[in-house]
Structures are given as structure tokens and as C-alpha cells.
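Mapped onto the UniProt record's numbering, the consecutive letters of the sequence shown carry residue numbers 1 to 643.
To start, the structure under review is shown below, and the notes come after it.
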Amino acid sequence: MAGTPQRQRPCKSIDAPSRAPSLQHADHVKYTCLKDAVCIRHMCITKCSPYPNQFDLVQRRGLVSLVVILREWAHKSLLEEEQRPDSFLERFRGPEIRTAPSRNSQANDTDSKWNILKIVTFVVAPADDGYYYWLFVIASAVLYNWVLLVARACFDALQTDCYILWLVLDYLSDVVYILDTCVRLRTGFLEQGLLVKDLSKLRKSYIHTLHFKLDVMSILPTDLAYIATGIHTPQLRFNRLLRFPRMFEFFDRTETRTNYPNIFRICNLILYILVIIHWNACIYYAISKSLGFGSDNWVYPNLTNSEESLSLSYIFCLYWSTVTLTTIGDMPPPARDEEYLFVVFDFLVGVLIFATIVGNVGSMISNMNATRAEFQARIDAIKHYMQFRKVSKDLEARVIKWFDYLWTNKKAVDEAEVLKNLPNKLQAEIAINVHLETLKKVRIFQDCEAGLLVELVLKLRPQVFSPGDYICRKGDIGKEMYIIKEGRLAVVSDDGVTQFALLTAGSCFGEISILNIQGSKMGNRRTANIRSIGYSDLFCLSKDDLMEAVAEYPDAKKMLEDRGREILLKEGLLDENAARKPTGEDVEEKVELLQNSLDSLQTRFAQLLNEYTATQQQLKQRITVLERQLCNKGSYSSENFSK
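This is the structure:
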């Protein structure tokens with residue numbers, strides 16, 4: 001009816017609170033305010049707007065705006081969640097050192113002054129990525145001068161055709177050189193493990209080095225002589241070639257940072273060889289120009305063809321340089337003394353290049369194939385042993401397949417051998433990062449202390465089992481516990497056919513038989529048969545290592561024992577009466593305390609004995625000195641009496 005007021009419809013633009021996403025406190029307040037505002041707006045429009053179509057239009061606009069706001073909030077929340085460090089790693093590594101905000105952060109003037117002060121007193125850390133990127137910039141400028149500056153000095157056409165471009169690039173590289181000198185003056189270094197930020201100390205350290213002298217020589221304005229000679233004499237800028245240490249530093253750091261060092265070394269060697277061949281080609285062209293093109297068969301021919309291009313001249317000289325340095329092919333013999341000297345020098349350089357190539361490439365290939373050669377040697381030794389002992393063909397095939405699996409899946413590296421030079425802390429952190437997903441699934445690691453986590457991770461030993469291998473059999477004496485990294489294991493009956501349960505990545509087993517739980521009917525024997533379905537990667541932790549690790553962490557040991565009792569009670573393998581009987585742990589603890597007290601007493605006694613010995617020695621020395629003084633005084637008084 002027209003006179004009947006419209007029934008107020010509930011606001012449906014926001015879901016009910018029970019359906020709202022999980023929010024933090026501030027986000028929840030924002031979410032609730034948005035909901036209330038939209039609902040109020042909806043009610044006002046419903047009461048005041050006489051036109052239903054206008055209401056629908058306004059409502060749709062409000063819904064669209066709200067959806068856009070919520071989508072931005074959700075995207076921001078997801079980004080924060082991705083950037084948030086993993087709690088498992090955070091608990092192990094501890095909080096990171098963060099820069100504390102300034103106390104006067106609310107004052108804009110103070111902040112601006114503080115920012116200016118930081119800019120004035122900034123120090124470059126050599127380990128930062130920004131420093132490495134700057135090295136790339138300065139290395140590019142040095143390489144530009146190494147290649148094009150020498151070529152322009154020898155090939156006149158290259159200099160005259162694009163002299164404006166060369167001027168721009170030259171002075172751009174000069175700017176980079178000057179900025180690099182400023183960076184070098186503010187580049188810190190480590191002293192007693194800490195970054196030195198004293199600017200005066202940094203300047204003194206840099207000024208007293210050979211690099212400073214080379215850097216100063218490389219930025220001398222020698223191109224001011226253009227005023228007298230003209231701009232087509234780029235050889236005046238040869239001092240720019242002296243900044244080569246920065247390029248070598250960039251190569252060294254890249255070799256350290258790259259994941260493919262052998263490939264980088266080969267590319268670096270090829271670059272050096274190409275630069276030498278390029279310089280030799282330019283020098284050959286310059287000598288030919290000095291002696292006269294076509295004056296004899298050795299120099300560059302005098303080609304009068306107008307269609308001859310700069311590229312043809314350079315390619316011919318590059319070909320001559322390559323053939324001469326590699327001593328491959330026949331070239332016209334020299335006819336003058338200068339030519340003979342240059343060819344002899346080229347032959348010597350070629351011999352050095354050949355020796356360098358053979359030595360470096362051979363070493364690189366050996367390093368690249370070192371892992372494969374070591375692994376193949378292990379396989380050959382196993383094959384020889386099995387052939388000598390006349391092992392059955394089936395078992396020999398299983399062994400070969402196991403080795404093939406290790407090599408195919410890149411599991412043939414001895415991790416302990418690779419990481420042995422690292423400290424225990426870094427070894428544990430690498431192990432946790434590598435095996436993070438597996439360790440997070442292990443329940444015994446969820447609540448353990450960081451120190452215990454380090455102890456356990458360092459004692460884990462990887463093992464690989466083939467399909468059908470029994471990891472343990474029921475009744476065997478347990479000496480290890482296992483954690484599944486990859487693969488699937490089956491808990492089977494004694495006949496090996498019936499499957500009771502399936503164990504996947506993150507599961508652990510075997511801890512019951514190595515904990516010596518009181519009241520266990522199985523004692524320290526295995527309670528089940530566990531067999532590998534396919535190839536399985538497991539972590540093994542021996543009984544001795546586990547007991548050594550949990551000796552200082554009684555809570556973790558109690559947690560393992562409680563879990564073992566639950567499993568034994570569930571399977572009916574726990575004698576509750578025997579479990580309630582008093583144990584000899586108290587006596588053992590008392591004996592251990594007495595032993596520790598005795599050790600401390602012995603240590604204290606040894607310290608007191610050393611102090612007594614030292615004091616006695618000092619007293620003897622003092623008595624000796626006093627006796628000498630008394631003797632001297634007695635002799636002096638007797639002399640006076642005689643006089």
C-alpha cells in the first residue's frame with residue numbers, strides 16, 4: 001500500500017560477526033566501525049529516500065566501496081603475514097637486532113636534523129648489497145675504458161665518427177670515478193669483528209694504501225691537454241685505465257656470491273683473454289699505421305677501396321692477433337726489427353695464455369667433476385668388493401639401484417664433511433633451514449628449548465632406505481630413533497603382509513625402545529615391524545646421542561617418557577604395577593650429585609695447591625733477596641771496620 005511505510009530490511013553488506021575473518025584488535029575495530037557506518041547509512045537512506053531505485057543505486061555504491069576497502073585490508077594483512085618471520089625459526093634464532101626509533105621522533109625538526117646528520121656521517125659497509133652494486137657500476141666504467149679507450153686511440157675512424165658520444169661517456173665515467181673516490185673514503189672495514197665508522201680513521205687507512213695513489217692518478221685531468229692537441233687524442237686519458245683494482249674486486253666478490261663459481265671463473269678467464277687479444281689487435285694496427293700501411297707483407301695492407309669499413313679493419317686486426325697469440329695458422333713473417341720484436345713479444349704472451357688456459361681450465365674441470373669422481377670411486381670400490389665376496393646378483397642390483405637413487409636425487413654429498421668447517425651454531429641453523437618443514441611436523445620439537453633443538457639437530461644423521469627394507473623388526477634391541485624426512489613407511493605384521501598403519505614425513509618412531517621406560521613389557525626392544533614402501537629418507541638419532549642431549553633438559557626427557565608411556569599403555573605393553581614401583585633414579589641422582597661435588601672439590605683442591613705452590617715460591621724468592629741484602633750489608637760493615 002502507498003501509505004504503508006516500507007519495512008526496514010536488515011543491512012546485508014557485512015557478514016555476521018561469526019563469519020568475520022580473524023582480525024587483530026585494531027583491524028577488528030576498523031571492521032566494526034565500517035559495518036556500523038554502512039548499516040546507519042543504509043537505514044537513513046531507507047527512511048529518507050522516496051525513490052527505491054535511488055536507494056538501490058546508493059546501496060550498490062556503498063557496497064562497492066566497502067568491498068574495495070576490505071580487499072585492500074585483506075591484501076595488506078596477507079603481505080604482513082608473508083613477511084612475518086617463521087615462529088619456529090624465530091624461537092631458535094632469537095629476536096633480530098633492530099634499530100631503535102629516536103626518542104624525539106615526534107618532532108619534525110629534530111628528525112630532519114637527525115637525517116641530515118646521518119647523511120653527512122654515513123659509512124659504507126663492504127658486506128652490504130649496495131656496495132656490491134656500486135662495484136658493478138665502477139667495474140663497468142673501468143671496462144669501458146679498457147676496451148673502447150684503447151681502440152679509439154688506435155683506430156682514428158672510430159674516434160672521429162662518434163666523438164660526441166665518446167665525450168659524453170668519457171665524462172660520465174669520470175663522474176663515476178670521482179664518486180667512487182668519495183665512496184672509498186667512507187668505506188668501513190672490520191676491526192675486532194666490528195665495523196669501523198670513524199671517518200678520520202677510514203681516511204687515514206685509505207690514504208696510506210696503493211689503491212689511493214692509483215685512484216688519484218686515474219682522475220687527474222689530463223684531458224685538459226685537449227686545448228692544445230684537439231679532442232681526437234684519447235690517448236691522453238690512458239690514466240683512466242689505472243682503476244683496475246676496483247674491477248678485480250668486483251670479480252672477486254661476484255665469484256664469492258654466485259652459485260656457479262666454476263662457470264664464472266671460465267667466463268672471467270675468457271674475458272681476460274679477449275681483452276688481451278683486443279689490445280694486441282689495436283697495437284698491431286697502430287704499428288702498421290706508424291710504419292705505413294702496405295709497406296711490407298707483415299703490416300696491415302693498404303686498401304684503397306672506398307668501401308672499406310672500420311669493422312673490416314678491426315676484424316682483420318683481431319684475426320691477426322688471434323692467430324699470432326695462439327700460434328695457429330701461418331701469417332706473413334716480419335721484415336723489420338720493430339716487427340720482429342713485436343712478434344717475439346706476442347709469442348711469449350701466447351705461451352703464457354696457453355699455459356694459463358690449460359692450467360685454469362683443467363683445474364676448473366677437475367673441481368666440477370670432483371663430486372662425480374668421488375662418488376664413482378665409491379661405487380667402483382663397492383662393486384669390486386661384492387665381486388670379490390661373490391655377492392648374489394639380486395643383492396648387487398639392489399646396491400647399484402640404491403647408489404643410482406642417491407646420485408639422481410643429489411643425496412650423495414656428505415653433509416658433515418661439507419659443513420665441518422662451520423661453527424656448531426651455523427651448522428644447526430643451516431640444518432634447521434634445510435629441514436624446516438620436516439622438523440616443524442615433529443611433535444617433540446614443537447615445545448623444546450632452543451638449546452636442545454641445537455643439540456638434537458647436530459646429532460641427526462641422514463639415512464636412505466630402499467623399497468622393502470625393514471627399518472626395524474619387532475623384538476630387536478633398539479639403539480636408534482628415526483624421524484621421517486621423505487617417503488612412506490608401513491607398520492606391518494610379522495608376516496610382512498598385513499599393514500596396520502602408514503607413517504609419512506614428520507613422523508618419528510623408535511624412541512620407546514631407547515628411553516628404557518619403567519614397566520615396559522618389551523624392555524628396550526622394538527614393539528613393531530616397520531618397512532619402507534619406496535625409497536625413504538630418514539634422520540637417525542642414536543640412544544647415546546639422545547641421552548646426552550636431554551641430560552641437561554629434564555622437561556624434554558619427561559615429555560618423551562610420558563609420550564612413550566601413552567603408546568605402551570594404548571598397546572597393552574605397559575605393566576602399571578611395575579611402573580609405580582620406586583626406581584633407582586633418586587639413588588643415581590644422589591650418586592651423580594656426589595660425583596659432581598667430588599669433582600668440584602678436586603678442582604678446588606688443585607687450585608689451592610697451585611696457589612700454595614706459587615706463594616711458597618714467592619716466599620723463597622723473597623728470602624733469597626733478603627739474604628743477599630744482609631750479606632751485602634755485612635761485607636760493607638766489615639770493610640768499614642777494617643778501615
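Positions of the beta carbon are idealized from the N, C-alpha and C atoms, including for glycine.
Bear in mind the structure is a predicted one, so any value in this text is a computation, not a measurement.
query	result
Local conformation of M368 per DSSP, three classes	helix
Delimiting residues of the alpha helix (DSSP H) encompassing L489	Note, L489: premise wrong, no alpha helix (DSSP H); beta strand (DSSP E) at L489 to V492.
Close beta carbons around C472, own chain, < 6 Å, minus the five adjacent residues each side	R526 and I530
Closest by C-alpha distance to L202, when choosing among R184, C508 and I219	R184
Alpha helix (DSSP H) runs contained entirely in the UniProt domain "Cyclic nucleotide-binding" (444-558), provided each spans 4 or more residues	450-459, 511-515 and 543-550
Inter-stretch contact at 8 Å, needing at least 3 Cβ pairs: the segment 514-521 / the segment 407-417	no
Secondary structure, alpha helix (DSSP H): runs of 4+ residues fully inside the segment 353-421	370-388, 393-408 and 415-418
Collapsed DSSP secondary structure at V124 in the structure displayed	strand
Whole-number beta carbon distance between S321 and I277, since they are thought to touch under 8 Å	5 Å
Residue range of the unbroken alpha helix (DSSP H) whose run includes W279	P261 to L291
C-alpha gap between M386 and N524, whole angstroms	34 Å
Counterpart residues of E191 in DSSP-defined beta bridges	L194
Cβ pair count under 8 Å reaching 3, the segment 535-549 against the segment 477-493	yes
Extent of the continuous alpha helix (DSSP H) to which Y163 belongs	Y163 to L185
Which residues DSSP lists as bridging L574, in chain order	S520
Close-in-space but distant-in-sequence residues of the same chain around L291 (CB under 6 Å, 5 per side omitted)	V299
Close beta carbons around F189, own chain, < 6 Å, minus the five adjacent residues each side	V196
D296 versus A335: straight-line alpha-carbon distance, rounded	7 Å
Limits of the alpha helix (DSSP H) - the one that F244 falls within	F244 to R257
Residue 644, enclosing alpha helix (DSSP H) - first and last residue	Residue 644 is absent from the structure shown; the chain starts at 1 and stops at 643.
Which listed residue (I512, I164 and N610) has its alpha carbon closest to that of H563	Reading off the sequence shown, one finds Arg at residue 563, where the question assumed His. With distances taken between Cα atoms, R563 lies closest to I512.
A335, DSSP secondary structure in three states	coil
Cβ neighbour criterion (16 or more within 10 Å) applied to F136	exposed
E552 versus N610 - alpha carbon distance	31 Å
Check whether G506 and T438 have beta carbons under 8 Å apart	yes
Segment limits, alpha helix (DSSP H) that includes Y206	L199 to I207
I432 - DSSP class collapsed to helix/strand/coil	helix
Opening and closing residue of the alpha helix (DSSP H) in which A225 lies	Element bounds for A225: n/a, residue is neither H nor E.
Cβ contact (3+ pairs, closer than 8 Å) linking the segment 141-160 and the segment 240-252	yes
Y298 - DSSP class collapsed to helix/strand/coil	Residue identity differs from the one stated: residue 298 is Trp in this sequence, not Tyr. Here W298 sits in coil by DSSP.
Stretch-stretch touch, CB-based, cutoff 8 Å, three pairs: the segment 413-432 with the segment 447-462	yes
Alpha-carbon spacing of L224 relative to Q235, whole angstroms	12 Å
Straight-line gap, N367 to L341 (C-alpha atoms, nearest Å)	39 Å
N262 versus V434: straight-line alpha-carbon distance, rounded	24 Å
Of the residues L419, K390 and G487, the one placed nearest L458, counting alpha carbons only	L419
I178 versus E417: straight-line alpha-carbon distance, rounded	46 Å
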